[in-house]
Structures are given as C-alpha cells and as structure tokens.
Amino acid sequence: AAGVIQSPRHLIKEKRETATLKCYPIPRHDTVYWYQQGPGQDPQFLISFYEKMQSDKGSIPDRFSAQQFSDYHSELNMSSLELGDSALYFCASSVTSVGEQYFGPGTRLTVT
Amino acid sequence: AQKVTQAQTEISVVEKEDVTLDCVYETRDTTYYLFWYKQPPSGELVFLIRRNSFDEQNEISGRYSWNFQKSTSSFNFTITASQVVDSAVYFCALSAPGAGNKLTFGGGTRVLVKP
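So the sequence lines, in the order shown, correspond to chains U and D.
Residue numbers for the first sequence follow our numbering, so the first one is 1 and each next one is one higher.
Residue numbers for the second sequence follow our numbering, so the first one is 1 and each next one is one higher.
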C-alpha cells in the first residue's frame, strides 16, 4: 500500500539558511499535518491543512510557513534557520479531518 | 487544553515478559480519539491502535491489547510475550475534532526488551 512520502530524508543546513521540506500524502487523503520532534522529545504539532486550506496552527515559528497544493502535496518552508530547528519533521495524512493519521518516514534536519 | 501523560519513561524487560504501558489523558471534549504509536530506533512513527471516546470495549490484537477506562481517563497498552523487535519508544496520543484533530502526544515510554 502507498504510504506518505517525505523528501528529502536528510538535510543539513547552516544557520540563517532556508529549507523546504516536501510531503506527498497517501492518495485520496485530503488532510495533511506537520509535526516537529526534537531530540528525546515527543512530536509537537506545527500546522495542518484540509482541502488545501490551513485548518489549524500550533506552535509554529513565524519563520516557518507552509501550504498545500492542488495535488494535495504540502511544503514546509523554513527561513533564517537556527540551531534549535534541528529536529525530525514528520508529515502525516488522513482521510478527512478526523481519520487516523498515517505518518511519513520524517525528514531529519540538522542545522550547523 | 489537551494533555497526555506517560509516567513511565523507560521500561526494561526480558524477552517473553509482558509489558504494560500507562497513559493518562485530559480533555474537555466529549468526542475524542486515543492512539498508540510505536517509534523504533529507525525513527518512523508506526500507528498501532485507535479508540474513540464512545467505545470502551477492550480488545486484543495479536500480542497487543489495551484497556480504556473513561472513569479514570486512562488508556493503557500491553504487549504480551515481548520480543526484541518490540524495543522502541511508544507514544500515547489524543486528538479531538473540537480541537482541530491535531495529535497531542505523551512524553513517550522507551521499552527495552533484552534477549
């Protein structure tokens, strides 16, 4: 069965650079969520989209922005990267906004 | 506000022992969903089970079972006859349609199964 695809899987950036993470949801899933998991921590909700509209927003820094495109894939754009942004970034998708969320493999971002 | 608490940070067992993971949650929503996810050392988050707030029936699925008790706001998870491959961090999580359906995770419990 098709799963959530995230790219890239690993990314190394320097401070103050920008990064773009991509997420391709499971086919026919219309809802996408982004989570950030710092080292040794639990995943924290960043932002979600339902039918290409932002549906909810968590503790996402102003330096981050995201959108969902017409083909339902989503991108998380991160600017002015800081050392503290080093984390595992997960994308999850679900059928409707109340279905169980299936997670992608994550993108490990390292900021040096 | 939603909150999930996993009091156990780490559990170490010998293979074939049973492991029970505790989870206590807080929510003001009357409709909500509870989940368990597994995160092996490779890092991915694997969905294990989901229960909704209207279904307190406890079930067994293979070596996994769960005990959902609304009266105590608990959603405990048991692995029967543990195996080395069960070594992972297990997260309990809560979502509610009234709160945007985002997942609120507990702090996780690291399970180490020794041969």
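We put the beta carbon where it would ideally sit given N, CA and C, even for glycine.
Only a predicted model underlies this, so the values are computations on that prediction, with no experimental measurement involved.
Cα-Cα separation, residue i to residue j
i: Tyr-64(D); j: Arg-50(D); result: 12 Å
i: His-73(U); j: Cys-91(U); result: 10 Å
i: Thr-112(U); j: Thr-72(D); result: 45 Å
i: Met-53(U); j: Thr-30(D); result: 26 Å
i: Gln-8(D); j: Cys-23(D); result: 9 Å
i: Thr-107(U); j: Leu-11(U); result: 7 Å
i: Phe-77(D); j: Ala-19(U); result: 38 Å
i: Phe-54(D); j: Tyr-50(U); result: 25 Å
i: Glu-75(U); j: Pro-115(D); result: 42 Å
i: Thr-96(U); j: Glu-82(U); result: 34 Å
i: Val-4(D); j: Arg-28(U); result: 30 Å
i: Glu-100(U); j: Gly-98(D); result: 15 Å
i: Ile-11(D); j: Ser-61(D); result: 22 Å
i: Gly-104(U); j: Tyr-33(D); result: 20 Å
Selection from the options that minimises the alpha carbon distance to residue i
i: Leu-112(D); options: Gln-83(D), Leu-34(D), Pro-97(D); result: Gln-83(D)
i: Arg-9(U); options: Gly-3(U), Lys-22(U), Tyr-33(U); result: Lys-22(U)
i: Ser-16(U); options: Phe-49(U), Arg-63(U), Pro-27(U), Ile-26(U); result: Per the sequence shown, the amino acid found at residue 16(U) is Arg instead of Ser. Arg-16(U) has its Cα closest to that of Arg-63(U), out of Phe-49(U), Arg-63(U), Pro-27(U), Ile-26(U).
i: Tyr-37(D); options: Asn-101(D), Tyr-90(D), Ala-96(D), Gly-100(D); result: Tyr-90(D)
i: Val-14(D); options: Ser-87(D), Gly-108(D), Trp-66(D); result: Ser-87(D)
i: Phe-47(D); options: Gln-57(D), Phe-35(D), Pro-41(D); result: Phe-35(D)
i: Leu-88(U); options: Asp-56(U), Gln-37(U), Pro-25(U); result: Gln-37(U)
i: Glu-56(D); options: Ile-79(D), Gln-69(D), Gly-62(D), Leu-45(D); result: Gln-69(D)
i: Ala-1(D); options: Ala-81(D), Gly-107(D), Gly-100(D); result: Gly-100(D)
i: Asp-56(U); options: Gly-84(U), Met-78(U), Thr-31(U); result: Thr-31(U)
i: Ser-79(U); options: Ile-5(U), Leu-109(U), Ala-1(U); result: Leu-109(U)
i: Thr-109(D); options: Ser-7(U), Gly-104(U), Gln-41(U), Ala-1(U); result: Gln-41(U)
i: Ser-7(U); options: Glu-14(U), Ala-1(U), Lys-13(U), Tyr-24(U); result: Tyr-24(U)
i: Ile-26(U); options: Asp-85(U), Asn-77(U), Ser-94(U); result: Ser-94(U)
Counterpart residues of residue i in DSSP-defined beta bridges
i: Lys-3(D); result: Glu-26(D)
i: Asn-131(D); result: Nothing can be reported for residue 131(D): it is not among the residues displayed for chain D, which extend from 1 to 115.
i: Asn-52(D); result: Tyr-33(D)
i: Ala-93(D); result: Phe-35(D), Phe-105(D)
i: Asn-58(D); result: Its beta-bridge partners do not exist; DSSP assigns none.
i: Arg-110(D); result: Glu-10(D), Val-89(D)
Residue interval of the beta strand (DSSP E) (run including residue i)
i: Val-13(D); result: 10 to 14
i: Tyr-50(U); result: 44 to 50
i: Ser-55(U); result: 53 to 57
i: Thr-110(U); result: 107 to 111
i: Ser-82(D); result: Segment: none, Ser-82(D) is in no beta strand (DSSP E) and carries neither H nor E.
i: Lys-13(U); result: 10 to 13
i: Thr-18(U); result: Taken as a continuous stretch (DSSP letters only), Thr-18(U) belongs to no beta strand (DSSP E), as it is neither H nor E.
i: Leu-45(D); result: From DSSP, Leu-45(D) is part of no beta strand (DSSP E); its letter is neither H nor E.
i: Tyr-35(U); result: 31 to 37
i: Phe-90(U); result: 87 to 94
Under 7 Å from the C-beta of residue i: neighbouring residues of chain C
i: Tyr-102(U); result: Considering every chain present, this structure includes no chain C. Its protein chains are U and D.
Legend entry - Segment contact flag, the region 12 to 22 of chain D with the region 42 to 58 of chain U, C-beta cutoff 8 Å, min 3 pairs: no
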